[in-house]
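Residue numbers (the numbering used here): 61 to 192.
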């Protein structure tokens, strides 16, 4: 699998109002609310004509005050699926060209790496674990 676009992430002061607006005005469909365990939801994933849109408040990462992510409203990052065997090469190329790795996390469903690229713009590289 080549690198494939996955979603755009938007941060807002009132994510529920934005989700409501996207569904009413753009015809987006609510896929699910985002949350960690028993904690209150902090956002939602929408589907808009085949494109995933994540809408959250500022504290979407569950990291409290120590978040490495930018704290601003609007566009937050682009996300791409990459193959596990191409991730190291992509990261090496990106860091050689001035990118900065913000977070590299392994979880049950795979791995995500957040990278700040020149702009500054943040991208997310996502590796899914093969289904067994």
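Positions of the beta carbon are idealized from the N, C-alpha and C atoms, including for glycine.
Cα-Cα separation, residue 77 to residue 137: 20 Å
First and last residue of the uninterrupted beta strand (DSSP E) at residue 196: Outside the shown range of the chain, which is 61 to 192, sits residue 196, and nothing can be said about it.
Reference residue 132; option with closest CA among 149, 69 and 170: 69
Endpoints, beta strand (DSSP E) assigned at residue 164: 160–167
Cβ shell of residue 154 (< 8 Å), same chain only, five flanking positions each side left out: 175 and 177
Counted within 10 angstroms of its Cβ, other Cβ atoms place residue 62 as buried (16 or more) or exposed: exposed
Span of the beta strand (DSSP E), counted from its first residue to its last, around residue 147: Where residue 147 is concerned, there is no enclosing beta strand (DSSP E), although the alpha helix (DSSP H) it sits in stretches over 144–156.
Residue interval of the beta strand (DSSP E) (run including residue 174): 170–177
Cβ-based burial, residue 184 [other Cβ within 10 Å; buried from 16]: buried
Buried versus exposed call for residue 105 [16 or more other C-beta atoms within 10 Å across all chains shown]: buried
Burial state of residue 158 (16 or more Cβ within 10 Å): exposed
Alpha-carbon spacing of residue 144 relative to residue 152, whole angstroms: 14 Å
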